[in-house]
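Numbering (the working numbering), first residue to last: 75 to 359. Virtual Cβ for every residue (Gly too), placed ideally from N, Cα, C. All values derive from a computational prediction rather than experimental measurement.
And the structure:
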């Protein structure tokens with residue numbers, strides 16, 4: 075498609091979902107936002123307004139465009155309401171295959187026949203998610219990164235049955251949002267999680283062994299390798315429960331010791347020290 079005119083539905087109004095909705099609205103797209111928690115979409119609109127204010131402060135959005143951008147996002151009453159007129163649906167629900175498959179069954183019923191069904195999963199198989207629907211050609215991965223407004227990459231994941239046209243539309247959508255897209259084959263962890271989790275887990279092992287403090291491990295990567303954020307602070311931002319779930323999935327699918335989660339990570343998750351969202355992780359938030 076030479077021109078993108080997608081009507082977007084986002085299922086899941088959490089950190090990733092409302093971030094995707096915000097950047098889409100700033101790009102001029104209409105967005106319907108739904109969540110299993112009926113009050114979550116309305117709460118997400120407040121967070122989206124804050125994202126717009128930050129964009130204005132940074133010169134990324136003209137102040138006169140704020141009201142129009144916010145007006146392009148509506149809180150839907152449920153999945154069917156959000157998807158009924160959508161040309162593109164992105165799910166941003168927790169990283170559980172059974173949950174995503176059940177949602178895709180519902181989305182295939184609710185969305186128009188030509189709509190793309192996309193997953194924001196960071197590690198689960200797009201082909202396995204697509205197994206739940208009768209037309210897997212319309213299923214693709216659109217892996218955004220946190221925080222969505224600031225991160226420039228979208229990882230487009232081609233499942234075993236994903237059509238070329240679906241990939242092309244997903245790429246055009248990402249570019250409409252001002253993102254750079256890469257296309258990867260469906261494989262455990264894709265490109266980004268497979269590489270990023272290795273660094274994150276090794277940083278945790280180093281902290282566990284007393285090699286250096288969390289601050290100095292992060293500083294080593296920030297100043298020595300020009301990373302914008304160290305791996306431990308990034309883990310806090312992503313959520314240590316999310317990091318653990320991805321590590322366990324990669325360990326189960328790829329084997330070996332590379333993705334075996336350190337005891338420290340399991341203990342912190344068990345204790346509820348999940349990073350920024352809980353106020354305590356490797357850092358105080």
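Terminal residues of the alpha helix (DSSP H) in which residue i lies
{"i": "residue 267", "result": "266-282"}
{"i": "residue 116", "result": "114-131"}
{"i": "residue 108", "result": "Run containing residue 108: none in the alpha helix (DSSP H); it sits in the beta strand (DSSP E), 105-108."}
{"i": "residue 325", "result": "314-328"}
{"i": "residue 92", "result": "89-100"}
{"i": "residue 135", "result": "Residue 135 -> no alpha helix (DSSP H), and no H or E assigned at all."}
{"i": "residue 337", "result": "337-344"}
Endpoints, the beta strand (DSSP E) within which residue i is located
{"i": "residue 255", "result": "254-259"}
{"i": "residue 237", "result": "Element bounds for residue 237: n/a, residue is neither H nor E."}
Reduced DSSP secondary structure (H/G/I, E/B, other) of residue i
{"i": "residue 169", "result": "coil"}
{"i": "residue 351", "result": "helix"}
{"i": "residue 79", "result": "coil"}
{"i": "residue 192", "result": "strand"}
{"i": "residue 150", "result": "coil"}
{"i": "residue 162", "result": "strand"}
{"i": "residue 285", "result": "coil"}
Nearest neighbour of residue i, chosen from the options [CA to CA]
{"i": "residue 236", "options": "246, 213, 227, 224", "result": "213"}
{"i": "residue 114", "options": "167, 242, 197", "result": "167"}
{"i": "residue 340", "options": "328, 216, 356", "result": "356"}
{"i": "residue 192", "options": "209, 173, 165, 198", "result": "165"}
{"i": "residue 182", "options": "303, 153, 354, 196", "result": "153"}
{"i": "residue 116", "options": "196, 128, 87", "result": "87"}
{"i": "residue 220", "options": "250, 128, 92", "result": "92"}
{"i": "residue 99", "options": "112, 139, 346, 133", "result": "139"}
{"i": "residue 287", "options": "329, 347, 258, 304", "result": "304"}
{"i": "residue 186", "options": "208, 203, 157", "result": "157"}
Presumed contact (8 Å Cβ cut-off) between residue i and residue j, rounded CB distance
{"i": "residue 126", "j": "residue 103", "result": "About 14 Å separates the two Cβ atoms, so there is no contact after all."}
{"i": "residue 162", "j": "residue 189", "result": "6 Å"}
{"i": "residue 81", "j": "residue 160", "result": "5 Å"}
{"i": "residue 289", "j": "residue 336", "result": "The pair is not a contact, with the Cβ atoms about 18 Å apart (cut-off 8 Å)."}
{"i": "residue 309", "j": "residue 349", "result": "6 Å"}
{"i": "residue 250", "j": "residue 230", "result": "That pair is no contact at about 13 Å."}
{"i": "residue 198", "j": "residue 180", "result": "Going by Cβ atoms, the distance from residue 198 to residue 180 rounds to 17 Å, so no, they are not a contact pair."}
{"i": "residue 147", "j": "residue 107", "result": "6 Å"}
{"i": "residue 211", "j": "residue 240", "result": "6 Å"}
{"i": "residue 361", "j": "residue 201", "result": "Shown here, the chain extends from 75 to 359; a query on residue 361 therefore has no answer."}
{"i": "residue 271", "j": "residue 321", "result": "6 Å"}
{"i": "residue 96", "j": "residue 223", "result": "6 Å"}
### alpha helix (DSSP H) runs contained entirely in the segment 199-228, provided each spans 4 or more residues
200-204
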